[in-house]
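Residue numbers (our numbering): 6 to 169.
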């Protein structure tokens, strides 16, 4: 009777009809699984690789680049993007609220969390979002020691992180 309650049936409750419905239901599930697997395998290459840089044939895509040129481009990008940077630090007793916006780059959130930890702040909540390449972060933290870092020191440490 347990099997009868697990499998949708047409109303009959005898053992033979329950087994028939169960077998039919399992076959239908197998068909759905095969259909899903075949659609997953036949997705176009672009849909699978949309978020990576592995487009095209497997070639070594590394290019030699002059370090000075890379540094100059990186500096220009940081200067251009610094208009979106903002850091607000509010401190009340041992409670610290950090709200910041900056250009997104790989590992920037991790770097921010590490900087907060190095300032002897214990993160209570961290909320982040990335919209159109702008990372918005809100961190609620508590000072670990008797005397916590000043708002200016926290702001300075975070500015170093986002301008890397």
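Here a beta-carbon is modelled for each residue, glycine too, at the ideal position from N, C-alpha and C.
#1: Scan the segment 117-169 and note each continuous alpha helix (DSSP H) run of 4 residues or more that stays entirely inside, going in chain order.
#2: Does residue 233 come out as helix, strand or coil in the three-state DSSP assignment?
#3: With respect to the beta strand (DSSP E) encompassing residue 93, which residues constitute its N-terminal and C-terminal limits?
#4: Within 8 angstroms, do at least three Cβ pairs link the segment 154-161 to the segment 107-115?
#5: Identify the residues that DSSP records as bridge partners of residue 19: which are they?
#6: To the nearest angstrom, how far is it from the Cα of residue 118 to the Cα of residue 39?
#7: Once you ignore the five residues that flank residue 139 on each side, which residues in its own chain have a CB closer than 8 angstroms to its CB?
#8: By a C-beta neighbour count over all protein chains shown, 10 Å radius and 16 as the cutoff for buried, is residue 2 buried or exposed?
#9: Would you kindly check if the distance between the Cβ of residue 144 and the Cβ of residue 121 is under 9 angstroms?
#10: Do residue 104 and residue 131 come within 9 angstroms of each other at the CB atom, strictly closer than that value?
If we stick to the structure as given:
#1: Secondary structure remark: continuous alpha helix (DSSP H) runs of at least 4 residues inside the segment 117-169, in chain order: 156-167.
#2: Since the first residue of the chain shown is 6 and the last is 169, residue 233 is not available in this structure.
#3: If you number the chain shown from 1, residue 93 lands on position 88. That run of the beta strand (DSSP E) goes 91-97.
#4: no
#5: Here residue 19 refers to the residue found at position 14 when the chain shown is read from its first residue. Beta-bridge pairing links residue 19 to no other residue.
#6: Taking the first residue of the chain shown as position 1, residue 118 is located at position 113. Taking the first residue of the chain shown as position 1, residue 39 is located at position 34. Residue 118 and residue 39: Cα-Cα distance of roughly 44 angstroms.
#7: Taking the first residue of the chain shown as 1, we reach residue 139 at position 134. These residues qualify, in order along the chain: 89, 106, 107, 108, 109.
#8: No answer is possible for residue 2: the residues shown for the chain start at 6 and end at 169.
#9: In the chain shown, the residue the question calls residue 121 occupies position 116. In the chain shown, the residue the question calls residue 144 occupies position 139. Yes, the Cβ-Cβ distance between residue 121 and residue 144 is below 9 angstroms.
#10: Walking along the chain shown from the start, residue 131 turns up at place 126. Walking along the chain shown from the start, residue 104 turns up at place 99. No, the Cβ-Cβ distance between residue 131 and residue 104 is not below 9 angstroms.
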